[in-house]
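For reference, the structure discussed in these notes is given below.
In the numbering used here, the protein residues as written are 286 to 434.
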């Protein structure tokens, strides 16, 4: 009879170990799924940020073509002039505020800097926050006077 109690105790220990292993495996799977979901969300946000940055750059290039070179250079007259491009307008001088977002999480700013007498360097930066970390995507180019006025 003593042997029977030992066997029952051993079966109980084996069952507890098996349950512990299953719980550890389930926790590991849940953690892996969480990491994968975060990775997918970050990738989606990064692609959107890159698109918004490129869109801002192309919009600024279009402004050069629309305004003419002399007027366009006026927007970059002060070194490192920043514009919030929430609604693609050069009327919002300065850095974007917290309420000036695109799609609830992105802010887009363009910095215009004179390069010599006939160039303007444009840097468009899109920043976003996922609740725990801050990220940014940036594109830049230089535009030059290409038309004779």
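Beta carbons are placed, not taken as given, at the ideal position from N, Cα and C, and that holds for glycine.
In the DSSP assignment, residue 425 forms a beta bridge with 408. For residue 350, the secondary structure class from DSSP, reduced to helix, strand or coil, is helix. Within 10 angstroms of the beta-carbon of residue 391 lie 16 or more other beta-carbons, which makes it buried.
In this structure residue 369 is in contact with residue 394, their Cβ atoms being roughly 6 Å apart against a cut-off of 8 Å. A direct Cα-Cα distance of roughly 15 Å separates residue 366 from residue 373. Annotation: residue 306 to residue 417 spans about 31 Å, alpha carbon to alpha carbon.
Boundaries of the beta strand (DSSP E) harbouring residue 397: 392 to 400, taken from the DSSP string.
The alpha carbon of residue 429 has as its nearest neighbour, out of 402, 413, 422 and 415, the alpha carbon of 402. In terms of Cβ geometry, residue 405 and residue 427 form a close pair [threshold 8 Å]. In the DSSP secondary-structure assignment, residue 304 is not bridged to any residue. Counted as a single uninterrupted DSSP element, the stretch harbouring residue 381 is not any beta strand (DSSP E), since DSSP gives it neither H nor E. Taking a 10 Å sphere around the C-beta of residue 431, we find fewer than 16 other C-beta atoms and assign the residue as exposed.
Distance between residue 409 and residue 310, taken at the CA atoms: about 45 Å. Secondary structure at residue 356: helix, using DSSP grouped into helix, strand and coil.
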